[in-house]
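In what follows, a single structure is set out as structure tokens and then discussed.
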Amino acid sequence: MKTKLVFATNNAHKLEEVRAILGNDYEVLSLADINLHEDIPETAGTLEGNALQKAQYVKQHFGLDCFADDTGLEVYALNGEPGVYSARYAGEGHDSEANMSKLLLKMNKKRNRKARFRTIVALIQGEDIHLFEGIVNGTIIKERRGEGGFGYDPIFVPEGYSQTLAEIGEEKNKISHRARAIAKLADFLKNKE
Ligand code: ITT
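Printed below as a string of structure tokens:
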């Protein structure tokens with residue numbers, strides 16, 4: 000029988016990616032699977048703080064071990080913006096199209112287009128807390144390309160590639176910030192068995 004793990008996210012794309020990465024070894028339960036349908040507060044000012052806040056919410060309300068991910072797109076020419084505010088860059092609507100438009104406008108005259116996605120995964124097991132980081136470096140291009148992925152994927156080209164994260168298909172789950180953080184989580188869990 001597969002070990003069950005709760006992933007504290009309301010983002011269906013993240014869930015799908017993490018299931019594709021961990022699915023052979025773990026049964027990844029969503030918040031809906033444990034009957035949690037409200038939005039978990041994210042009020043910390045850092046990715047680490049928000050990831051922990053989401054995981055702790057599930058632990059406190061359900062008593063279940065779980066993990067959560069908080070992710071930000073950090074653009075060097077914008078001093079790390081949108082960073083921890085990536086989901087609500089253009090307002091509370093969590094509208095990816097509006098977020099990308101705002102970012103492309105701000106990058107209009109910037110010559111340095113380097114950026115990185117950074118994911119922090121927080122795992123709570125019993126009383127213990129563990130954090131895992133995954134980063135992918137790349138550049139922000141000037142227009143959207145590709146239909147896959149989600150969020151800022153259509154404007155981000157990872158280092159070593161010519162396609163955006165929205166164009167590379169399943170390869171995203173091998174090289175992405177989230178894939179790297181989840182691989183560290185999986186290694187940690189394996190070594191504990
Ligand atoms: P949960 O908090 O419920 O997990 P969320 O969508 O609010 O879902 P975040 O707080 O981590 O997740 O939001 C970060 C935002 O960054 C997200 O809404 C996307 O716009 C963007 N993002 C996160 N991961 C991404 C990825 O792999 N590719 C492109 N954009 C991503």
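Residue numbers (numbering that gives the first Met the number 0): 0 to 192.
Ideal Cβ positions, reconstructed from N, Cα and C, are used throughout, including at glycine.
Item to check | Beta-carbon separation (whole angstroms), S85 vs L104, contact threshold 8 Å | outcome: Contact flag wrong, Cβ pair sits at about 16 Å.
Checklist entry - Assuming R179 and I134 make a contact with CB atoms under 8 Å, what is their CB distance in whole Å? => result 7 Å
Next on the checklist: Assuming R115 is part of the beta strand (DSSP E), what are its boundary residues?
Outcome noted: 113-124
Checklist entry - Where P40 and K58 are concerned, what is the direct C-alpha to C-alpha distance, given to the nearest angstrom? => result 14 Å
Checklist entry - Exposed or buried, what is R110 when buried is set at 16 or more other beta-carbons lying within 10 Å of its beta-carbon? => result exposed
Checklist entry - Should K173 be counted as a contact of the ligand ITT given a C-beta to heavy atom distance under 8 Å? => result no
Checklist entry - Could you give the C-beta distance for G145 and E166, rounded to a whole number, given that I count them as a contact under 8 Å? => result 4 Å
Checklist entry - Cα separation between T45 and V83? => result 6 Å
Checklist entry - Span of the alpha helix (DSSP H) holding I181? => result 176-191
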